[in-house]
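Chains as they are written, first to last, in my numbering: chain A, 570 to 1003; chain B, 570 to 1003.
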């Protein structure tokens, strides 16, 4: 197919939804993406490019010259254009900006002036705002006259005062339902969620979720309406932020299956080296007890059980804590309660596992003393795991460090070190022998 | 505050958004939720209850009698009512249904007849559908006359043929912009995403995300329009599904910080016991080499490094794979490519880590042989980790088993067992001694 017949490729792709064409490009071998994109020609328009996976898009954009990028960007809405430009290196970005029409350049430059991942980058600047003293009829006439001059991509109409500060929002459904002579102020809802232009996108997403918003007004520091965030952009953010947490907790960075081998190696290797460090610390702890292990090899045999269960118990608590923090469910008010609950859970689970392991080890090695030592170590380690699993992410969050990135290292290290200390230390202290 | 003055509590809560009142209830101690709910009285309406965290809601609903639940449910939209009823036990559910007005009961019973987590449970039945031959003016008049008799919770109007099959969708913004005499067929978009009533909610969410939908028509098996899914419900699902993956990968089940201690203990303990099983298998492997370890305790000291790094490398790959599967990014077309890429990454990372560990161990224990053994074991184990991390979730997914739930057990077991086998087996086979 991609072996020559350009016209045929375009004919086949033409009826597809832009998102499906984007998918198609992502699915072919990385080496074939370039030729396929070339063959698609005009079918590969701004819509397709904004639908594309970020990683694949960056690879494609990299080989276009700034003039071509500028052409594409001109056809996009501000928020999509910003998404493309913010990933380019500064030089190319400046060159693309120079090739844009003045008004568009100004809009994008302003958006880029807001911090990354803020509402300012996310918002669209095309919106419908009407004065309070209008009637429904006037609104409808205004829209009919404006026709294609205004965006059709709006779901709510904002009502503003003379200084362009939002005073309310009207659902289009209510506008449609109301007779022409009804005043805008009687249709609009006064309570509305305003998004400050510098609010973090994660926070924006939480607001949308909490209040079931379709769109929301973005205001600058003086409270003036500057843009609108719509739910379709937020949907992507919710997915991205949750994905980030999964991947970071697992040490895969911001991994994407479209990353190149070199990118994957560099993120993952960094993490493996950090973990090598913590594993060495655990080994040093074991080293202290080399003499004890030499006297009783059963200790070495049981070591993985101590570390595996401590690690697992900690990971469970850590995942719940990290997500509760990310979704604003863990607040000052319930922190103490949550910690106390984790302690109770850890004591019960610790006791159950300790009983199982203690009895099994005692019977298998026909050594009651060994059974008691591992059982005690288990309760201690699962309690440590529960505490570390909740305290470490909480502390990191209070210090404004992303708990998903750094928690696993600290938590695993704590459970490994404490687990081996409890187990081998107790064995040594009580003079355990085979 | 909650110490008596009911009127004051209601006065304070009155101006709050339902979602904020719901938050308030979630934030207080579990024991105080009941009295607070009682004090809130009428302020605690259907809106507040639908906004509440599922776990907290269930706890509150449990103590209400079926008559009260029926009162609340009557005021809700079908989808919210279904969300409450589906969590109740069958007896209570039947009793609530009996207390409902006939039409509402029928609607809810129909929704409950669709599989759990399907579009049928998620959809609203209140929607606006108009015939193709109408004009924009007729649509507006129809809505103005109907007034409060029809829902105001719609963002698109569906156009249907005489057999009530959807033929297109109209954005409200376009309806507002068009002159009265324009035909509905000239405003509507013919291409639309139809959601079969039995489609899984995760699939529904992916469609919404991919095509940036605000609402979508739900059709029954004969293609007739039966309901509408709106994006605000989908937003919750995206969050939930991603959260589920994080928590399941971490063995915390569907953990929620509002779960009771008993629920937490039971989900987590089950997982810990499964992991105890896999840890015991790892211990048995070590047991085979007890003689080798007795001769050289350095092996026991280095064991945690082998298992920790294998486990970490596997978790990285597994997280990326699980998310790629969940978001439909890993398809037949790129499976082979992804596996080959993982092998290359594993070989590079394995070699790097093997070099570091080999040199460090060789120098520390002044034993070149030991350094070579651990380095070789490391490459082998990281390669196994990379393969297991991608193959296990893929295989489970092909077998229609949720990869997030079961992958970690198999993957960790594989890396532990293979790691110890490589390391201790190689040490024994090459006659390593201290």
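Don't be surprised by glycine CBs; every beta carbon is placed ideally from N, CA and C.
Residue 779/B versus residue 780/A - alpha carbon distance
Taking the first residue of the second chain as 1, we reach residue 779/B at position 210. Taking the first residue of the first chain as 1, we reach residue 780/A at position 211. Their Cα atoms are separated by approximately 23 Å.
So with CB distances below 7 Å, who are the chain A contacts of residue 821/B?
On the second chain, residue 821/B is found 252 positions in, with the first residue counted as 1. Within chain A, the residues near residue 821/B are 885, 888, 889.
Taking any Cβ of chain A, which residues in the region 621 to 634 of chain B have a Cβ under 7 Å from it, in chain order?
none
Is residue 724/A close to chain B? Criterion is C-beta to C-beta, closer than 7 Å.
Here residue 724/A refers to the residue found at position 155 of the first chain. So, interface residue.
Does the count of Cβ pairs from the region 621 to 635 of chain B and the region 647 to 667 of chain B closer than 8 Å reach three?
yes
Nearest to residue 691/A (by Cα), restricted to the options 817/A, 957/A, 774/A
The sequence position of residue 691/A within the first chain is 122, counting from 1. Considering only alpha carbons, the answer is 774/A.
Beta-carbon proximity list for residue 995/A, same chain, < 7 Å, skipping 5 on both sides:
Position 426 of the first chain, counting from 1, holds the residue named residue 995/A. Correct list, in chain order: 942, 945, 946.
Going by the DSSP bridge assignment, what does residue 727/A pair with across the sheet?
As a first step, residue 727/A must be located in the first chain, where it is residue number 158. Answer is 698/A, 738/A.
Under 8 Å by Cβ, that's how I've got residue 903/B and residue 596/A pegged, so tell me the actual separation to the nearest angstrom.
Along the second chain, one-based indexing puts residue 903/B at 334. Along the first chain, one-based indexing puts residue 596/A at 27. Right, their Cβ atoms sit about 6 Å apart.
For residue 764/B, does the three-state DSSP call read helix, strand or coil?
Here residue 764/B corresponds to residue number 195 of the second chain, with the count starting at 1. Correct three-state label for residue 764/B: strand.
Near residue 704/A, what residues of its chain come up, given a Cβ to Cβ distance below 7 Å and the 5 sequence neighbours on each side ignored?
Within the first chain, residue 704/A is the residue found at index 135, counting from 1. 749, 750, 751, 752, 753.
Going straight from the alpha carbon of residue 829/B to that of residue 617/B, what length do you get?
Within the second chain, numbered from 1, the residue matching residue 829/B stands at position 260. Within the second chain, numbered from 1, the residue matching residue 617/B stands at position 48. Whole-angstrom Cα-Cα distance: 22 Å.
Measure the CB-CB distance between residue 867/A and residue 924/A and report whether it falls below 7 Å.
Here residue 867/A refers to the residue found at position 298 when the first chain is read from its first residue. Here residue 924/A refers to the residue found at position 355 when the first chain is read from its first residue. No, the pair does not count as a contact, with Cβ atoms beyond the cut-off.
Across which residues does DSSP place residue 693/A in a beta bridge pair?
Here residue 693/A refers to the residue found at position 124 when the first chain is read from its first residue. Paired residue(s): 797/A.
Which bits of chain A does residue 866/B rub up against, with CB to CB less than 7 Å?
On the second chain, residue 866/B is found 297 positions in, with the first residue counted as 1. Near residue 866/B (Cβ distances below 7 Å), the residues of chain A are 859, 862, 863.
What are the boundary residues of the beta strand (DSSP E) that includes residue 786/B?
What you label residue 786/B is simply residue 217 of the second chain in a count that begins at 1. 784 to 788 is the extent of the beta strand (DSSP E) around residue 786/B.
For residue 672/B, count the other beta carbons within 10 Å of its own beta carbon; 16 or more makes it buried, fewer makes it exposed. Which is it?
Here residue 672/B refers to the residue found at position 103 of the second chain. Per the 10 Å Cβ criterion, exposed.
Between residue 588/B and chain A, is any beta-carbon pair separated by less than 7 Å?
Your numbering for residue 588/B matches position 19 in the second chain. Judged by the 7 Å Cβ criterion, residue 588/B is in contact with chain A.
For residue 613/A, three-class secondary structure by DSSP:
Within the first chain, the letter at position 44 stands for residue 613/A. Residue 613/A falls in the coil class under three-state DSSP.
Residue 701/B to residue 729/B, Cα distance in whole Å?
Here residue 701/B corresponds to residue number 132 of the second chain, with the count starting at 1. Here residue 729/B corresponds to residue number 160 of the second chain, with the count starting at 1. For residue 701/B and residue 729/B, the distance between alpha carbons rounds to 6 Å.
Given residue 897/A as reference, the closest of 747/B, 622/B, 579/B once Cα atoms are compared
Counting from 1 along the first chain, the entry for residue 897/A is found at position 328. Ranking the options by Cα distance to residue 897/A, first place goes to 622/B.
Residue 911/A burial status per 10 Å Cβ neighbour count (16 or more: buried)
Residue 911/A sits at position 342 when you count from the first residue of the first chain. When all chains shown are included, residue 911/A counts as buried.
DSSP three-state assignment for residue 835/A, whether helix, strand or coil
Along the first chain, read from residue 1 onward, the residue named residue 835/A stands at position 266. In this structure, residue 835/A counts as helix in the three-state DSSP scheme.
Could you round the C-beta distance between residue 531/A and residue 743/B to whole angstroms and report it? I think they count as a contact, below 8 Å.
Since the first and last residues shown for chain A are 570 and 1003, residue 531/A lies out of range.
Looking only at its own chain, which residues have a Cβ that is under 7 Å from the Cβ of residue 861/A, when we skip the five neighbours before and after it?
By 1-based counting over the first chain, the position of residue 861/A is 292. Within the same chain, residue 861/A has close Cβ partners 868, 993, 996, 997.
By the 10 Å Cβ neighbour count, where 16 or more other Cβ atoms means buried, how is residue 1074/A classified, buried or exposed?
Not covered by the structure: residue 1074/A. The range shown for chain A is 570 to 1003.
Mind pulling the chain D residues with CB within less than 7 Å of residue 903/A?
You won't find chain D in this structure, because its protein chains are A and B.
With a threshold of 7 Å between beta-carbons, can residue 961/A be considered close to chain B, or not?
In the first chain, residue 961/A corresponds to position 392, counting from 1. No, because no Cβ of chain B sits closer than 7 Å to the Cβ of residue 961/A.
Determine the DSSP secondary structure at residue 687/B, reduced to helix, strand or coil.
Here residue 687/B refers to the residue found at position 118 when the second chain is read from its first residue. DSSP places residue 687/B in strand when its eight states are reduced to three.
Are there three or more Cβ pairs, one per stretch, closer than 8 Å when the region 645 to 652 of chain A is compared with the region 665 to 685 of chain A?
yes
So for residue 1004/B, helix, strand or coil by DSSP?
Outside the shown range of chain B, which is 570 to 1003, sits residue 1004/B, and nothing can be said about it.
So which residues on chain B does residue 738/A lean against when the C-beta distance must stay under 8 Å?
As a first step, residue 738/A must be located in the first chain, where it is residue number 169. By Cβ distance, chain B contributes nothing, its closest Cβ being about 13 Å from residue 738/A, past 8 Å.
Continuous alpha helix (DSSP H) stretch holding residue 858/B: start and end:
Here the question's residue 858/B lines up with position 289 in the second chain. No alpha helix (DSSP H) contains residue 858/B, which DSSP labels as neither H nor E.
Enclosing alpha helix (DSSP H) for residue 950/B [first to last residue]:
Counted from its first residue, the second chain places residue 950/B at position 381. It spans 937 to 967 - the alpha helix (DSSP H) in which residue 950/B sits, taken as one unbroken run.
Do the region 832 to 841 of chain A and the region 826 to 842 of chain B make contact, defined as three or more Cβ pairs closer than 8 Å?
no
From residue 983/B to residue 954/B, what distance separates their C-alpha atoms?
As a working note, residue 983/B is residue 414 in the second chain. As a working note, residue 954/B is residue 385 in the second chain. Looking at the two C-alpha atoms, the distance is approximately 8 Å.
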